[in-house]
Amino acid sequence: MTTSTVSIPFYKRPFGTNRLDVPLAKLASLENSRDLVAHDAPDAAFFRGLESQGLYLNRAQIQAVRHTQGPLLTLAGAGSGKTSVLVSRTGYLIACRRADPSSILLVTFSSKAAAEMKERIMALPGLRAGEAAKVTARTFHSFFLYLLRTRGYRQEILGNARHQQFIIKRILREMGLQDRYEAETLLSLWSAYRMNMTGMNELPGSTPAEVEQREIFARYEEWKVAHDQMDFDDILVLSHRLLTTEPALLASLQRRYRYVMVDEFQDTGLLPYELLKLIVAPHRNLMVVGDDDQTIYGFNGARNEFILEFDQTYPDAKIITLDINYRSLSSIVGLGNEIIRVNQRRRPKLLRSTRKSGSVPLYLRPGDPDQEAELLLNHITEEVRERGRSYRDYAVLYRTASNSRAIFEQLVMRDIPFIHYENGELFYEQWVVKPVMDHLRLSLDRRNFHAMEGMLHTLYVNRDKGMAFIREKDAPRPKKGPLAHLLSYPGLKDFQVEQIRERSKLIKGLQAMEPVSAIQEIRRRFYDKFLEADERQELTLHKELIQEGLDELEASAKRFKEVSEFVGFVDRLIDIHREMAAMKRDEEADAIRLMTIHKSKGLEFPSVCLIGASEGILPHSSSLLAEHLDDHHPLSDKEDKALDALEEERRLAYVAITRARDELIISSPAYYRGRKTDVSRFFRDVFLTEEQREQARGKASEAADPRRTRGIGLETARRPAASGRPGSSRTAGGASSAGESRERKPITVTVPVTGSPERREPKPPVEMETVNVWLCTGAGCKGWQRIQPAGQAPVRGSRGSEGKACPLCQAPMKQGRKEVPVQKRARQS
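For the sequence shown, full-length UniProt numbering assigns the number 1 to the initial residue and increments by one for each residue that follows.
So, in structure tokens, the structure goes:
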């Protein structure tokens, strides 16, 4: 191993780009209702009342509030005050247009948003409490459930997701398919069909898997009828059936609700939209508020075209754009503008900002996700300790739940408070990963019946029946390896018997391997082929996504030398994750927020760290395979699925950026799951020079085979100077030694650089220091924690057992010394 002295700070632009200027949004005029609404205007008193509460509307907001007749599309850019507009327009209708409060229907997608709007309406000046209380502000499901209740529908609501999954799992067991499908995936698929108004009779049935799925859905519907229950989808399905078969009921709703407003319209699916259109048909007083640039729930049936085609559905519609962002610095808004404007299927809009930038988004190019987590947590802890920041100021956002694996582990090891906003299973318990881990567990203890149950389906043996047989045979004559009892399992085919023998032999040998080698052997010998052989898995994920999860498992295992170390580490993380899930989390807790970009929509944070901003992660590799989406899939009816998928990925990047108020860090790992990755095209292409843009367009036009452009956008001109190879004019961190040295002030560090420079981009180095830490004394455990406050001297002779337990394995910890990255941030001047 050799050492090199190189520089690696946070940079003002992505690795490998040459454009020097940073995009800034234009600053918006500060004019507001105080300047725009004359004192002698008929509605002046209303706006003066809003101003007395500190609500000063801008020009576009005033136009939206004053529009009271006919359809209205309000394009509400990120952070543009859409809730204020909805609330103010409600008050305006009552106070200035003398509308009956009970004739106003305000619909949104979350109970929290509905409650907030109702509360704000009641606080509006000039409105009596009794008037505000008559306004209907509900979620779609709440409103239509109330409608069903008035018509005699008394079914209980099957609203618990775990209960729904339990029902589907029981149906799968009855059909002998419990090892073939994921209950959560089936429920999502059935929901997508129903929200797109595809009934049981319209379901595809051309393959055995499709026939099975239709039977599963039919049994699920029969179960609900037999037990007098309905789920959330039923509320909308039954309401639509009711309104289309009972004209008198529909007419009564149309007479009552003369003004209908819809929040988050970009998240609306086909069925909810059809329900709205029925209610507003006579008067067409429909106001929809949303942002087509934030349509990110395509997998749940959200349809971007409802905004794009609103004025085709309603030719007389007025369109108003709220284009002033009150949330973020102009540098953050400017970056968002540059990224989203590339999308073709959108309504053009360019957001302005009210906040002049004192800083710019920062870019990081770590070697891999583990180094990414280490560097970002170093930055956050330094900011909290030295600059008075709070952990709750920070949100770490990522594309998919598995992308949080590295940062989750380091937060646990460092004992940093955090909240993991994921309802699903930990990465190591996901259906693709768990059977591999169970093979490793069996290699350590071949009588681990729980692990045996988790891997049995990979031998094409029914899980329940197979385990019952093994336990029955093992009770009188226990074996060291009970899996061998299966050799006498009735009805086995010859190939299955041979598989059991081979598998038992493989399991015996895994313990002696390094964990990553053991995983690779499992994959090579049978597991990759097992996953690819089952057409039902296409329902769950593309094959590339399946492999992605296993690649991530390998990346995690590389840090360990012994299978026992790795399994112990994973099992401890699972225990901690369960403890977290069981705890009632305080939303105001001083803790870092971890969540997917999807979860972050509608939220905002002082500081946002977007991790995994690399090709294949964001945009996700699945978006580049979208043209292969099954034509029978409920969401596959668009003409250009590849373009749609990529544009939704770009919208995800846009949503992530616009969550940040004051600080935005974008991290793009150079290696991901052992493969070299480019910086995400979404960020890289913002900083292309015009010459590079022309080169990229030329390459795109020459590429006749779409597979040649996979991973290439305008998306990509590879710059010769950005290679990081010896002889290049760039350092490992992406800094130009000539063109940028005057602007940047990188720190100088010494770091080991391994691997062949001709084949690999060196990992960005980190400045190291030796500090006092707690070290775990448990066998094989690598847990450690920095001693706080920094600089505290070790206590001689301390065994570290007085109340200090390892957060991973609970073994006692002792004080010692460890070389760690310096907790220092190098900003550019």
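Glycine is no exception: its CB is placed at the ideal position from the N, C-alpha and C atoms.
Measure the alpha-carbon distance for residue i versus residue j and round it to whole angstroms.
i: Glu409; j: Met230; result: 39 Å
i: Tyr428; j: Val773; result: 28 Å
i: Lys818; j: Ile787; result: 11 Å
i: Arg503; j: Leu492; result: 15 Å
i: His283; j: Arg258; result: 7 Å
i: Ala721; j: Asn18; result: Confidence in Ala721 is poor, its pLDDT being 30 and thus under 50, which makes the residue's placement unreliable; the coordinate value appears in the next sentence. About 9 Å.
i: Ile665; j: Leu487; result: 56 Å
i: His620; j: Ser667; result: 15 Å
i: Leu253; j: Ala115; result: 22 Å
i: Lys169; j: Ala137; result: 36 Å
i: Leu376; j: Pro204; result: 47 Å
i: Thr596; j: His163; result: 24 Å
i: Arg303; j: Gln499; result: 47 Å
i: Ser623; j: Glu212; result: 27 Å
i: Arg389; j: Glu382; result: 9 Å
i: Pro812; j: Leu775; result: 9 Å
i: Leu553; j: Val433; result: 7 Å
i: Ala642; j: Glu648; result: 10 Å
i: Pro42; j: Tyr92; result: 12 Å
i: Asn285; j: Pro71; result: 5 Å
i: Val384; j: Tyr391; result: 7 Å
i: Ile574; j: Ile519; result: 19 Å
i: Gln178; j: Glu215; result: 14 Å
Quick check on residue i: buried or exposed, where buried means 16 or more other Cβ atoms within 10 Å of its Cβ?
i: Ile380; result: buried
i: Lys676; result: exposed
i: Gly290; result: buried
i: Pro14; result: buried
i: Asp393; result: buried
i: Met455; result: buried
i: Pro23; result: buried
i: Tyr181; result: buried
i: Ser239; result: buried
i: Asp234; result: buried
i: Lys658; result: Note that residue 658 is Thr in the sequence shown here, rather than Lys. Buried, because 16 or more other Cβ atoms sit within 10 Å of the Cβ of Thr658.
i: Pro369; result: buried
i: Lys118; result: buried
i: Leu20; result: exposed
i: Thr244; result: exposed
i: Arg669; result: What sits at residue 669 in the sequence shown is Pro, not Arg. By the neighbour-count rule (16 or more Cβ atoms within 10 Å), Pro669 is buried.
i: Ile407; result: buried
i: Glu174; result: exposed
Between residue i and chain C, is the shortest Cβ-Cβ distance under 9 Å, so that the two count as touching?
i: Ile657; result: Within the model displayed, chain C is absent; a lone protein chain is all it includes.
Quick check on this structure: which residue in the options has the alpha carbon closest to the alpha carbon of residue i?
i: Val679; options: Ala613, Ile216, Arg170 and Ser29; result: Ala613
i: Lys82; options: Glu264, Arg578, Leu278 and Asp415; result: Glu264
i: Ser110; options: Gly70, Arg578, Lys118 and Thr139; result: Thr139
i: Ala38; options: Asp415, Gln53, Arg59 and Ala25; result: Arg59
i: Ser103; options: Ala113, Glu131 and Glu119; result: Glu131
i: Gln496; options: Leu57, Ala512, Leu177 and Leu459; result: Leu459
i: Ser359; options: Phe10, Lys558 and Arg593; result: Phe10
i: Arg684; options: Tyr363, His439 and Thr770; result: Tyr363
i: Arg661; options: Gln692, Phe687, Gly674 and Gly602; result: Gly602
i: Ile279; options: Gly269, Arg256, Ile296 and Asp293; result: Arg256
i: Ser357; options: Gln785, Ala805 and Leu27; result: Leu27
i: Leu186; options: Ile62, Met197 and Leu172; result: Leu172
i: Gly568; options: Val686, Glu31, Asp445 and Glu184; result: Asp445
i: Arg97; options: His67, Gln53, Leu75 and Gln547; result: His67
i: Lys804; options: Asp415, Asp438 and Tyr654; result: Asp415
Just to confirm, does residue i get its C-beta within under 8 Å of one of the non-hydrogen atoms of the ligand MN?
i: Tyr394; result: Ligands are entirely absent from the displayed structure, and the ligand MN is therefore not among its contents.
Problem - Segment contact, 8 Å Cβ cut-off, at least three pairs: the region 114 to 125 with the region 191 to 199 - result: The answer is no - the region 191 to 199 does not touch the region 114 to 125, with fewer than three Cβ pairs under 8 Å.
Handout entry: Continuous beta strand (DSSP E) assignments of at least 3 residues falling wholly in the region 318 to 362
Key = 318 to 322, 324 to 329 and 352 to 355
Practice task
Write down every uninterrupted run of the alpha helix (DSSP H) in the region 54 to 111 whose length is 4 residues or greater and which is fully enclosed by it, in chain order.
Solution key: 59 to 66 and 82 to 95
Handout entry: Whole alpha helix (DSSP H) elements within the region 257 to 322, 4-residue minimum
Key = 270 to 280, 305 to 308 and 310 to 313
Handout entry: Segment contact, 8 Å Cβ cut-off, at least three pairs: the region 232 to 249 with the region 139 to 152
Key = yes
Practice task
Kindly confirm or deny that the region 324 to 332 and the region 342 to 353 touch, where touching means at least three C-beta pairs closer than 8 Å.
Solution key: As far as the Cβ criterion goes, the region 324 to 332 touches the region 342 to 353, which means the pair count is three or higher.
Handout entry: Segment contact flag, the region 460 to 471 with the region 518 to 526, C-beta cutoff 8 Å, min 3 pairs
Key = no
Handout entry: Minimum length 4: unbroken alpha helix (DSSP H) runs contained in the region 394 to 429
Key = Taking 4 residues as the minimum length, the alpha helix (DSSP H) runs contained wholly in the region 394 to 429 are 405 to 414, in order along the chain.
Practice task
Check whether the region 442 to 457 touches the region 467 to 486, taking contact to mean three or more Cβ pairs, one atom from each stretch, closer than 8 Å.
Solution key: yes
Practice task
Identify every run of the alpha helix (DSSP H) within the region 437 to 508, keeping only runs that are complete inside it and at least 4 residues long; order them along the chain.
Solution key: As summarised for the region 437 to 508, the continuous alpha helix (DSSP H) elements at least 4 residues long and confined to that stretch are 449 to 455 and 463 to 474, given in chain order.
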